[in-house]
Amino acid sequence: MLFTSLEYLLFLPATLILYWTLPHRFRVPMLLIASYLFYMSWNSTLVLLIIAMTVFNYFLGDVLSRATSHKKLVFGIGIVANLACLSYFKYSNFFVNSANGLLHLVGAPTYSVTLNIILPLGISFFVFEFIHYLFDIYRGSKPLKSFALFGLFAAFFPTQIAGPIKRYDDFSAQMVEEKKLKLEYFDEGVPLIIIGLAKKILIANNLAILVDMMANTISSYGALELWIFSFAFSFQVYFDFSGYTDIARGSSILFGYRIPINFNLPFIAANTSDLWNRWHISLSHWLRDYLFRPLGGTKRNRLTVDRALILTMTLGGLWHGASWNFVIWGLYFGLCLAIHRNFKRLKPKMPALSG
311 MLFTSLEYLL FLPATLILYW TLPHRFRVPM LLIASYLFYM SWNSTLVLLI
361 IAMTVFNYFL GDVLSRATSH KKLVFGIGIV ANLACLSYFK YSNFFVNSAN
411 GLLHLVGAPT YSVTLNIILP LGISFFVFEF IHYLFDIYRG SKPLKSFALF
461 GLFAAFFPTQ IAGPIKRYDD FSAQMVEEKK LKLEYFDEGV PLIIIGLAKK
511 ILIANNLAIL VDMMANTISS YGALELWIFS FAFSFQVYFD FSGYTDIARG
561 SSILFGYRIP INFNLPFIAA NTSDLWNRWH ISLSHWLRDY LFRPLGGTKR
611 NRLTVDRALI LTMTLGGLWH GASWNFVIWG LYFGLCLAIH RNFKRLKPKM
661 PALSG
């Protein structure tokens, strides 16, 4: 069930009516069931995966909050287990193809293997939410005691397709709040859904036709055509992604929930750093808090910070897609950010030009 499908346009109002007619204490369990049904509309088997991972991280978070002598071990088990699950479903074929490429490079025999693994809907998002949850518990935050609350944090259906990545402290506070139906929810949520649908259907889908057509003959293009292709592809990705997140935000607001804003006019960014403060904001903040800083991003040593920045962006590129193109894309932006950071540091010391 996609946000642009007729099924969703029927599912959303039906869920809303049931949600707002129920007493407060039943709303979270009802939304959790609705979220699992939404997931089952995509794959009725793999919904068991998100349930199993939710159970695992729920109990591990509780154990982690009470652990003393083996706290680091428990935390490590949680991180490794979540990353292993993500790696298996998302990166297995990437690892196999990379190994074959390396074997071919050294002249060794290669193996034609393609693993028939279905990529679970939203796994990149909910794994990062689980890791964030365990990180914060490890640092001293209190775990969620209610399984229904924790389950909805992970499975909330508006954020399953394209995020954004939620933070459990903010989202849990909204879950326990006793909400009253307000007209402003519809005044704000419905226009966001309409804008998102327009971005996706009217702009992104039509740009995708142009991009696909140009991609078939890209080898014959000159500089002008390549620039047109680059801009068309960039805008197609933006309107597709931001359209989905606008629909997600609008749908969430109708239930009285506010999820993070993920895009803030990225194409008017003044520089590379500004771009990543405007593009996929929830991911940028996650990478900053749970990868860049632990890798040494807050140290005073410039080389340590630059290394953390480049590694963070390279891994962030891999998060976007299981291919070396995304790895190189992430590495490129990591280098750009490191260069811009050092340039900013040196800029005040540069002599002003006169006359």
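Counting from 311, one number per residue, gives the positions in the sequence shown under this note's numbering. Ideal Cβ positions, reconstructed from N, Cα and C, are used throughout, including at glycine. All of these numbers come straight from a predicted model, not from anything done at the bench.
(request) With a cut-off of 8 Å on the beta carbons, I'd call G499 and I563 a contact; round off their distance for me. (result) For the purposes of this step, residue 499 is identified with residue 189 of the sequence shown, where counting begins at 1. For the purposes of this step, residue 563 is identified with residue 253 of the sequence shown, where counting begins at 1. Between G499 and I563 a beta carbon distance of about 4 Å is seen, short of the 8 Å cut, so the two are scored as contacting.
(request) Report the rounded CA-to-CA distance for L342 versus F348, giving the unit in angstroms. (result) Taking the sequence shown and counting its residues from 1, the one referred to as residue 342 is at position 32. Taking the sequence shown and counting its residues from 1, the one referred to as residue 348 is at position 38. For L342 and F348, the gap between their C-alpha atoms comes out near 10 Å.
(request) Would you decide whether M660 is buried or exposed? Buried here means 16 or more other CB atoms lie within 10 Å of its CB. (result) As a working mapping, residue 660 is identified with position 350 in the sequence shown. Unreliable positioning characterises M660 in this predicted model, as indicated by a pLDDT of 47, which lies under 50. A coordinate reading is not provided.
(message) By the three-class DSSP mapping on this structure, what secondary structure does P453 have?
(response) Here residue 453 is taken as the residue at index 143 of the sequence shown, counted from 1. In the structure shown, P453 sits in coil (DSSP, three-state: anything other than H, G, I, E or B).
(request) Assess, as a yes-or-no matter, whether the stretch 361-378 is touched by the stretch 448-461 under the definition of 3 or more beta carbon pairs within less than 8 Å. (result) These segments touch.
(request) Measure how close the beta-carbons of V357 and M350 come, nearest whole angstrom, since I'm counting them as under 8 Å. (result) Position 47 of the sequence shown, counted from the start, is the residue given in the question as residue 357. Position 40 of the sequence shown, counted from the start, is the residue given in the question as residue 350. Correct: roughly 5 Å between the Cβ atoms.
(request) Kindly indicate the opening and closing residues of the alpha helix (DSSP H) around P323. (result) Within the sequence shown, residue 323 is the residue found at index 13, counting from 1. Where P323 is concerned, the enclosing alpha helix (DSSP H) starts and stops at 316-331.
(request) Look at the alpha carbon of F302 and the alpha carbon of D446, and state the distance between them as a whole number of angstroms. (result) Lying before the first or after the last residue shown, residue 302 is absent from the chain, which here runs from 311 to 665.
(message) Taking the alpha carbon of V615 as the reference point, which residue from R651, H595, T582 has its own alpha carbon closest?
(response) On the sequence shown, residue 615 is found 305 positions in, with the first residue counted as 1. Out of R651, H595, T582, R651 has the C-alpha closest to the C-alpha of V615.
(message) Taking the straight line between their C-alpha atoms, what separation do you get for A580 and K654?
(response) Reading the sequence shown from its first residue, position 270 is the one you call residue 580. Reading the sequence shown from its first residue, position 344 is the one you call residue 654. So the alpha carbons of these two residues sit roughly 13 Å apart.
(message) So for M485, helix, strand or coil by DSSP?
(response) Taking the sequence shown and counting its residues from 1, one reaches residue 485 at position 175. Secondary structure of M485 (DSSP, three-state): helix.
(message) Is the separation between the beta-carbon of I389 and that of L326 shorter than 8 Å?
(response) To locate residue 389, count along the sequence shown from 1; it is residue 79. To locate residue 326, count along the sequence shown from 1; it is residue 16. Against a cut-off of 8 Å, the Cβ pair of L326 and I389 comes out as no contact.
(request) Would you kindly work out how many angstroms separate the C-alpha atoms of Y421 and L415, rounded to a whole number? (result) Sequence index remark: in the sequence shown, residue 421 carries index 111 (1-based). Sequence index remark: in the sequence shown, residue 415 carries index 105 (1-based). Distance between the alpha carbons of Y421 and L415 is about 13 Å.
(request) State the Cα-Cα distance for the pair F366 and A465, rounded to the nearest angstrom. (result) Taking the first residue of the sequence shown as position 1, residue 366 is located at position 56. Taking the first residue of the sequence shown as position 1, residue 465 is located at position 155. About 14 Å.
(request) Let me know if D479 comes out buried or exposed under the rule of 16 or more other beta-carbons within 10 Å of its beta-carbon. (result) The residue given as residue 479 occupies position 169 in the sequence shown. By the neighbour-count definition (other C-beta atoms within 10 Å, threshold 16), D479 is an exposed residue.
(request) Whole angstroms is fine: what's the gap from G560's alpha carbon to L320's? (result) Translated into the one-based positions of the sequence shown, residue 560 becomes position 250. Translated into the one-based positions of the sequence shown, residue 320 becomes position 10. Going from the Cα of G560 to the Cα of L320 covers about 15 Å.
(request) Mind the definition here: the stretch 545-557 touches the stretch 507-519 only if three or more C-beta pairs lie below 8 Å; say whether that holds. (result) Yes, they touch.
(request) Please say whether L619 and G667 have beta carbons closer to each other than 8 Å? (result) Within the shown structure, residues of the chain are numbered from 311 to 665, placing residue 667 beyond reach of any answer.
(request) Quick one: grab the DSSP three-state call for N572. (result) Locating residue 572 in the sequence shown gives position 262, where the first residue counts as 1. In the displayed model, N572 falls within coil according to three-state DSSP, outside both helix and strand.
(message) Please give the ranges of any alpha helix (DSSP H) in the stretch 329-369, keeping only runs that are unbroken, at least 4 residues long and fully inside the region.
(response) Runs of the alpha helix (DSSP H) inside the stretch 329-369: 334-352.
(message) Whole angstroms are fine: how far does the CA of R568 sit from the CA of L625?
(response) Here residue 625 corresponds to residue number 315 of the sequence shown, with the count starting at 1. Here residue 568 corresponds to residue number 258 of the sequence shown, with the count starting at 1. Straight-line measurement puts the Cα of R568 at about 28 Å from the Cα of L625.
(message) Quick check on the DSSP output: the alpha helix (DSSP H) that includes I557 runs from which residue to which?
(response) On the sequence shown, position 247 is the one that residue 557 refers to. Where I557 is concerned, the enclosing alpha helix (DSSP H) stretches over 533-564.
(message) Could you compute how far the alpha carbon of A542 sits from the alpha carbon of K490?
(response) The residue given as residue 542 occupies position 232 in the sequence shown. The residue given as residue 490 occupies position 180 in the sequence shown. Whole-angstrom Cα-Cα distance: 43 Å.
(request) Enumerate, from N- to C-terminal direction, the unbroken alpha helix (DSSP H) stretches of 4 or more residues contained entirely within the stretch 575-603. (result) Runs of the alpha helix (DSSP H) inside the stretch 575-603: 582-586, 591-597.
(message) Is it buried or exposed, F336, if we count other Cβ atoms within 10 angstroms and call 16 or more buried?
(response) Locating residue 336 in the sequence shown gives position 26, counting from the first residue. With fewer than 16 other Cβ atoms inside 10 Å of its own Cβ, F336 counts as exposed.
(request) Measure from the alpha carbon of K492 to the alpha carbon of each residue in I360, F565, T582, then state which is nearest. (result) Reading the sequence shown from its first residue, position 182 is the one you call residue 492. Closest by alpha carbon: F565.
(request) Using the Cα positions of G631 and V637, report the straight-line distance between them to the nearest angstrom. (result) By one-based count along the sequence shown, residue 631 stands at place 321. By one-based count along the sequence shown, residue 637 stands at place 327. G631 and V637 have their C-alpha atoms some 8 Å from each other.
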